[in-house]
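**Student:** Residue numbers (full-length UniProt numbering), protein chains in the order written: chain A, 1 to 586; chain B, 1 to 364.
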Amino acid sequence: MAYTFSFPEEVLEHVFSFIESEKDRSAISLVCKSWYEIERWCRRRVFVGNCYAVSPVMVIKRFPELRSIALKGKPHFADFNLVPEGWGGYVCPWIAAMACALPCLEEIRLKRMVITDESLELVAKSFKNFKVLVLTSCEGFTTDGLAAIAANCRNLKELDLQESEVEDLSGHWLSHFPDSYTSLVSLNISCLGNEVSLSALERLLGRCPNLQTLRLNRAVPLDRLPNLLSRCPQLVELGTGVYSTELRPEVFSNLEAAFSGCKQLKSLSGFWDVLPSYLPAVYPICSRLTSLNLSYATIQTYDLIKLISQCRNLLRLWVLDYIEDAGLYALAASCKDLRELRVFPSDPFGLDPNVALTEQGLVSVSEGCPKLQSVLYFCRQMSNAALYTIARNRPNLTRFRLCIIEPRTPDYITREPLDSGFGAIVEHCKDLQRLSLSGLLTDRVFEYIGTYGKKLEMLSVAFAGESDLGLHHVLSGCDNLRKLEIRDCPFGDKALLANAAKLETMRSLWMSSCSVSYGACKLLGQKMPRLNVEVIDERGPPDSRPISCPVEKLYIYRSIAGPRLDMPGFVWTMEDDSSLRLESSR
Amino acid sequence: MSPPVLSIGEEEGKSNVTLLVSSTTMESVCLKSIELKERNYMGLSDCSSVESSVPSFSEESKSNLNLKATELRLGLPGSQSPERVSDHCLRSSAQFDEKPLFPLRPLTDDHHSSAKTVVLGNKRGFSDAMNSFSEAKFQVNSEANPILSPRPASNLGLKPGSTPEKVGAQQTKMKEVTTNVGFDRPHAAHENRPNLDGSANNNSSAPATKAQVVGWPPIRSFRKNSLATNSKNTEEVDGKMGVGALFIKVSMDGAPYLRKVDLKNYSTYPELSSALEKMFSCFTISQCGSHGILGREMNETKLKDLIHGSEYVLTYEDKDGDWMLVGDVPWEMFIETCKRLRIMKSSDAIGLAPRAVEKSRSRN
Chain A
1 MAYTFSFPEE VLEHVFSFIE SEKDRSAISL VCKSWYEIER WCRRRVFVGN
51 CYAVSPVMVI KRFPELRSIA LKGKPHFADF NLVPEGWGGY VCPWIAAMAC
101 ALPCLEEIRL KRMVITDESL ELVAKSFKNF KVLVLTSCEG FTTDGLAAIA
151 ANCRNLKELD LQESEVEDLS GHWLSHFPDS YTSLVSLNIS CLGNEVSLSA
201 LERLLGRCPN LQTLRLNRAV PLDRLPNLLS RCPQLVELGT GVYSTELRPE
251 VFSNLEAAFS GCKQLKSLSG FWDVLPSYLP AVYPICSRLT SLNLSYATIQ
301 TYDLIKLISQ CRNLLRLWVL DYIEDAGLYA LAASCKDLRE LRVFPSDPFG
351 LDPNVALTEQ GLVSVSEGCP KLQSVLYFCR QMSNAALYTI ARNRPNLTRF
401 RLCIIEPRTP DYITREPLDS GFGAIVEHCK DLQRLSLSGL LTDRVFEYIG
451 TYGKKLEMLS VAFAGESDLG LHHVLSGCDN LRKLEIRDCP FGDKALLANA
501 AKLETMRSLW MSSCSVSYGA CKLLGQKMPR LNVEVIDERG PPDSRPISCP
551 VEKLYIYRSI AGPRLDMPGF VWTMEDDSSL RLESSR
Chain B
1 MSPPVLSIGE EEGKSNVTLL VSSTTMESVC LKSIELKERN YMGLSDCSSV
51 ESSVPSFSEE SKSNLNLKAT ELRLGLPGSQ SPERVSDHCL RSSAQFDEKP
101 LFPLRPLTDD HHSSAKTVVL GNKRGFSDAM NSFSEAKFQV NSEANPILSP
151 RPASNLGLKP GSTPEKVGAQ QTKMKEVTTN VGFDRPHAAH ENRPNLDGSA
201 NNNSSAPATK AQVVGWPPIR SFRKNSLATN SKNTEEVDGK MGVGALFIKV
251 SMDGAPYLRK VDLKNYSTYP ELSSALEKMF SCFTISQCGS HGILGREMNE
301 TKLKDLIHGS EYVLTYEDKD GDWMLVGDVP WEMFIETCKR LRIMKSSDAI
351 GLAPRAVEKS RSRN
């Protein structure tokens, strides 16, 4: 006799509410029908990694009690201007659908999407308890849209415009926060061009006792910073505005006092146009800092070393390559807890190195920082030997993105490809989730990746490989691959078609300036109905060229929503068989 | 899901062999190719999509091209690396066939009506096209130009500082022409083959920046623009042009799409003008003196002539939010104050010109 235990739904719901991870929630919903039902009614948070993979209606229908939604739009390479303007990623249909059906929605997080002022106004008016708006690398809106949010969202906690392109019509939008509004916790306006109304900002800061994060924009003058900080001494994360002004002792001492007054301050960013003489104002709080973003600060090695060597508790550092090998050596000596390092190029388009930053800097950090997990490193030379060393030093790396500035640069010592160096990385770093390749690379590196990169989820490839075999290794070997983006590689039809089924297990594949023919795209589109195969080609309809002609760009993603309907004139979706049959039967 | 072993096997064999081939030769080839590839407009690797021949270009497309004969075209020939014969097809179009947004026929609002034959010029191609013309191996299809170009011949030909001819997609021969197509731009420094070591930069007195491949190095626009502003603020000792890029949006009246251009890629008005021309056909810009520094009187009259004579003018929004005619101020001042560009119908701009001139007059 079988005993079936079943808890009342309310109990199960309560249990499920402790489970927050998306993956776990998905797993729960697959157990049985009743669990699917219960789970969907109590799912509060959903993450849609590709806004075209599913339609708003489907999401809302399944999760009618959503409070929080995160959406990503354009492919990652849009960050580097590889996706033409107008490609898509419009959030409007989502907002429109949610405005009607999800009045209790509280959080919207968007990345690489296009949002208009009208949508922002709709958000402001439709969701009475709206709390969080995060727009990362978004575009399409102006400060008027922000004004609507400020004016209407009484419970707003977070407004984060990280690196979005906002048409800055005026700084007065900030004044639209009513005097009765006090719930701000996080404000990031670092991407705005114009000066916001500083007096309005001061008043706002003064009346929001829960404010923890404040990222100002460049236009905020340094001498106004102490005043602002005095209104919110409870701040945990601060992004300064421009970090220079006339050298005046009282400004300096005010600044120093203001920083010291913020006893919880752990994260600093901003630092545009740094005047080094003002840096010591930060020294008193360096030992508390866990996150430091100096990637806009054009300060030289010496000043960087002085600053960083006081930040013993640093977990994350973003910096320009002015830090040089010497600075990274000092970093390795001082910051033993470092988890993440990003070194950006100060002169990416110059031919000759302008700084003494080589692979040695990264090697030092890999030696000295045992907890280092995440690396983004721009440099001009690399060797297999250095990569071996890094790999053996730091098998705990989870993100490794190396950009050797000149495409196809070989090992500068041996002049060989960097296949084995990267091979060592994937072999030793068994938990590697994200990898970006650069330098001279043959198919061999992909063989290593396919063999060892079992946990790899995202791979970025540029100017690498020799044949379809390379792509085949990756598609057939990387079991956990979700996102693959490729540019300027000699990969063509064979590997793609041979691994067509793999594509359905991934979020997306981007290939530009490769050798995938239109014919292969058509075939893929026809045979794989759950894939959207989009050809992006600004030369005109692919039909006007021979079927064997390579397409300019290709974006393939799995979707249960069918082909999208908002494509611009330079994007074509490859129709699948069912729709073709329908058409021919008309 | 097992891949068809057979075909992959063949590949394998082939690539193994390739690998076995002396790695040194490969490197030396690659090394050479690095520079060569750099010049190749998008660093298109030789094995990827170099077109070996164009004959397969369909008749249809040829007639398409004829239809669009009045359109400005910019095609960039793939350069053919000698060591690899591509069995891939025609990438010719991959060359940068920069079709303009609009044919010279009257515009219709519904851009789809032309069955998608009107395409956006490639945004990325734009800076590439500009840069890659400094490459050695570019073909210039000069015969086609008179046919293709709707503009008076002044735009064709090897005007100093002008961008190179459009290379029509119907080029049938891959002649390698080492052409210095009138480069006095900084990038011109790289074009000659002997400059393989990258010491090429110093041909001209202009500062050395390398030919830019679109989207490489992979840095976000936000950061690039910040770098650009940084460099403007700090003193550049060696007279470098400055780092970073200055992406600004360009819109055209009636056009469905915006484009973005990097002002750092140009150093004179004619350069910008030709480049935009290729992106969007048929507009005009106030003609400037050859060095971009204008005599005011000359400017005024020419401005008026041009406005009356052509359909579009190029305007920009400056830091004050005013819309001005492009060409009034010295180039350096222009790139510092220009926030966005707009290709305006000249009828709309008529009111603009006098004001612009006035403003610059009152400024100076």
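Every residue, glycine too, gets a C-beta built ideally from N, C-alpha and C.
Threonine 213 of chain A lies in the beta strand (DSSP E); which residues open and close that run?
**Tutor:** It spans 213-215 - the beta strand (DSSP E) in which threonine 213 of chain A sits, taken as one unbroken run.
**Student:** Mind checking if serine 295 of chain A is an interface residue toward chain B, Cβ cutoff 9 Å exclusive?
**Tutor:** Closer than 9 Å to some Cβ of chain B, the Cβ of serine 295 of chain A qualifies, so yes.
**Student:** Taking a cut of 7 Å between CB atoms, which residues from the region 310-336 of chain B lie near chain E?
**Tutor:** The question asks about chain E, but that chain is absent: this structure's protein chains are A and B.
**Student:** Any chance the region 157-169 of chain A sits against the region 186-204 of chain A, with 3 or more Cβ pairs inside 8 Å?
**Tutor:** A contact exists between the region 157-169 of chain A and the region 186-204 of chain A.
**Student:** Between glutamate 359 of chain A and glutamine 373 of chain A, which are expected to be in contact by the criterion C-beta below 8 Å, what is the C-beta distance as a whole number of angstroms?
**Tutor:** Not really, about 19 Å apart at Cβ, beyond 8 Å.
**Student:** Classify arginine 259 of chain B: buried if its beta carbon has 16 or more other beta carbons within 10 angstroms, exposed otherwise.
**Tutor:** Flag for arginine 259 of chain B reads buried.
**Student:** Enumerate, from N- to C-terminal direction, the unbroken beta strand (DSSP E) stretches of 3 or more residues contained entirely within the region 85-148 of chain A.
**Tutor:** Qualifying beta strand (DSSP E) stretches, in chain order: 107-111, 132-136, 139-142.
**Student:** Give the range of the beta strand (DSSP E) segment to which tyrosine 312 of chain B is assigned.
**Tutor:** Start and end: 312-317.
**Student:** Are the Cβ atoms of glutamate 504 of chain A and leucine 531 of chain A separated by less than 9 Å?
**Tutor:** Yes, the pair counts as a contact, with Cβ atoms nearer than the cut-off.
**Student:** Measure the alpha-carbon distance for serine 6 of chain A versus valine 516 of chain A and round it to whole angstroms.
**Tutor:** Straight-line Cα distance between these residues: approximately 53 Å.
**Student:** Hey, leucine 387 of chain A and serine 420 of chain A: beta-carbon distance below 9 Å or not?
**Tutor:** For leucine 387 of chain A and serine 420 of chain A, yes; Cβs fall inside 9 Å.
**Student:** For tyrosine 302 of chain A, count the other beta carbons within 10 Å of its own beta carbon; 16 or more makes it buried, fewer makes it exposed. Which is it?
**Tutor:** Counting Cβ neighbours within 10 Å, tyrosine 302 of chain A comes out exposed, since fewer than 16 surround it.
**Student:** What is the rounded straight-line gap between the Cα of arginine 25 of chain A and the Cα of arginine 43 of chain A?
**Tutor:** Distance between the alpha carbons of arginine 25 of chain A and arginine 43 of chain A is about 8 Å.
**Student:** By how many angstroms is the C-alpha of proline 221 of chain A removed from the C-alpha of valine 196 of chain A?
**Tutor:** Those two C-alpha atoms are separated by around 11 Å.
**Student:** Helix, strand or coil, according to DSSP, for valine 11 of chain A in the structure here?
**Tutor:** Three-state DSSP puts valine 11 of chain A in a helix.
**Student:** For aspartate 443 of chain A, does the three-state DSSP call read helix, strand or coil?
**Tutor:** Reduced to three states, the DSSP call for aspartate 443 of chain A is helix.
**Student:** Relative to the C-alpha of arginine 539 of chain A, which residue among A:Ser21, A:Val54, A:Pro84 is closest?
**Tutor:** For arginine 539 of chain A, the nearest C-alpha among the options comes from A:Pro84.
**Student:** Shorter than 9 Å from the beta carbon of isoleucine 405 of chain A to some beta carbon of chain B?
**Tutor:** Yes - at least one Cβ of chain B is within 9 Å of the one on isoleucine 405 of chain A.
**Student:** Let's see if you can read the secondary structure: which residues bound the alpha helix (DSSP H) around tryptophan 331 of chain B?
**Tutor:** Here the alpha helix (DSSP H) through tryptophan 331 of chain B covers 331-337.
**Student:** Decide if serine 267 of chain B is buried, meaning its Cβ has at least 16 other Cβ atoms within 10 Å, or exposed.
**Tutor:** So serine 267 of chain B counts as buried.
**Student:** So the candidates are A:Val343, A:Asp566, A:Arg218; which of them puts its Cα closest to the Cα of aspartate 273 of chain A?
**Tutor:** Comparing Cα positions, the closest option is A:Arg218.
**Student:** For a contact defined as C-beta to C-beta under 7 Å, what are the partners of aspartate 79 of chain A on chain B?
**Tutor:** Correct list: Arg220.
**Student:** With DSSP as the reference, label phenylalanine 570 of chain A as helix, strand or coil.
**Tutor:** It is coil, neither helix nor strand.
**Student:** Which residues mark the beginning and the end of the alpha helix (DSSP H) in which valine 363 of chain A is found?
**Tutor:** Counting along the chain, the alpha helix (DSSP H) containing valine 363 of chain A begins and ends at 359-368.
**Student:** Could you tell me which chain B residues have their CB closer than 9 Å to the CB of glutamate 340 of chain A, listed as they occur along the chain?
**Tutor:** Residues of chain B passing the Cβ test: none, with the nearest at roughly 17 Å.
**Student:** Looking at the unbroken alpha helix (DSSP H) that takes in tryptophan 41 of chain A, where does it start and where does it end?
**Tutor:** Segment 33-41, the alpha helix (DSSP H) holding tryptophan 41 of chain A.
**Student:** Let's test the definition: count the other Cβ atoms within 10 Å of the Cβ of lysine 319 of chain B and tell me whether it reaches 16, buried, or not, exposed.
**Tutor:** The residue in question, lysine 319 of chain B, is exposed, as its Cβ has fewer than 16 Cβ neighbours within 10 Å.
**Student:** Which two residues bound the contiguous beta strand (DSSP E) that contains phenylalanine 247 of chain B?
**Tutor:** Run containing phenylalanine 247 of chain B: 247-252, per the beta strand (DSSP E) assignment.
**Student:** For asparagine 152 of chain A versus valine 185 of chain A, is the C-beta distance shorter than 9 Å?
**Tutor:** The answer is no: Cβ separation not under 9 Å.
**Student:** Given a threshold of 16 other Cβ atoms within 10 Å of its Cβ, counted over all protein chains shown, does residue 590 of chain A qualify as buried or as exposed?
**Tutor:** Nothing about residue 590 of chain A can be read from this structure; chain A reaches only from 1 to 586.
**Student:** Apply the 10 Å Cβ neighbour rule to glycine 368 of chain A and answer buried if 16 or more other Cβ atoms are within range, or exposed otherwise.
**Tutor:** It is buried - the Cβ of glycine 368 of chain A has at least 16 other Cβ atoms within 10 Å.
**Student:** Going by DSSP, what residues sit across from leucine 320 of chain A in a beta bridge?
**Tutor:** A:Phe344.
**Student:** Considering only the alpha carbon of each residue, which of A:Met511, A:Ile149, A:Gly145 lies closest to lysine 483 of chain A?
**Tutor:** Here the closest residue by C-alpha is A:Met511.
**Student:** Is the Cβ of arginine 342 of chain B closer than 9 Å to any Cβ of chain A?
**Tutor:** Chain A, which has no Cβ nearer than 9 Å to the Cβ of arginine 342 of chain B, makes this no.
**Student:** Nearest-angstrom Cα distance between serine 559 of chain A and proline 270 of chain B?
**Tutor:** About 46 Å.
**Student:** In the region 143-198 of chain A, which residue ranges form an unbroken alpha helix (DSSP H) of at least 4 residues, counting only runs that do not cross its ends?
**Tutor:** Runs found: 143-152.
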